[in-house]
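S.K.: Mind looking over this structure? Questions follow.
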Amino acid sequence: MTPAPHAISSPNDLEAYWMPFTANRSFKQNPRMVARAEGMFYYTPEGKPVMDGTAGLWCCNAGHAREPIIQAIQAQARELDYAPSFQYGHPKVFAAAARIAALAPGDLDHVFFAGSGSE
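For the sequence shown, this note's numbering begins at 13 and goes up steadily by one.
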C-alpha cells in the first residue's frame with residue numbers, strides 16, 4: 013500500500029527539509045504535524061484540533077479555508093494568476109494601490125508592493 017502524500021513513514025522522511033526558527037533535531041525526534049486547517053484550527057493527521065494562535069504566522073487573519081476567500085482566489089487565478097511588475101501593469105494593482113494610498117495620512121500617496129518570494 014502506498015502511503016498518503018503527507019504520511020511520514022520513517023525518520024528519514026523528515027531529513028530533506030530544514031525548518032526555519034525550529035530546533036530541528038528536537039522536532040525530528042518528536043514531530044508535531046498538521047494535515048489541514050479550517051477556521052481558527054489546524055488539525056493533526058489524527059484529526060485533533062490545534063488552535064492557530066498566530067493566524068498562520070499572521071497570513072490567515074480571517075481564518076483558514078474560508079469559502080468566500082477560496083472563491084475569490086479561484087476567480088482571480090482564473091483571470092490572471094500572476095503578472096510581472098517590470099514594464100507591465102494590471103488594473104487591479106493600480107486600484108489596490110489607490111485604495112491603500114487613500115488610507116495613508118498626509119502626503120503618503122504612493123504604494124510600493126513587495127513580495128517575500130514565497131507567495
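Glycine residues also receive a C-beta, built at the ideal position from the N, C-alpha and C atoms.
My output table needs one value for Pro61: the three-state DSSP class, helix, strand or coil.
M.R.: It is a strand residue.
S.K.: Would you please state the rounded distance, in angstroms, between the beta carbons of Tyr55 and Ala67? I believe it to be under 8 Å.
M.R.: Going by Cβ atoms, the distance from Tyr55 to Ala67 rounds to 16 Å, so no, they are not a contact pair.
S.K.: Cutting at 8 Å between CB atoms, please list the residues of its own chain near Asp64, excluding the five before and the five after it.
M.R.: Ala49, Met52, Phe53, Tyr54, Cys72, His76
S.K.: Gly51 bridges to which residues according to DSSP?
M.R.: Beta bridge pairing from DSSP links Gly51 with His76.
S.K.: Measure the C-alpha to C-alpha separation of Ala95 and Gln41 and round it to an integer number of angstroms.
M.R.: 42 Å
S.K.: Phe33 by DSSP, collapsed to three states: which one?
M.R.: coil
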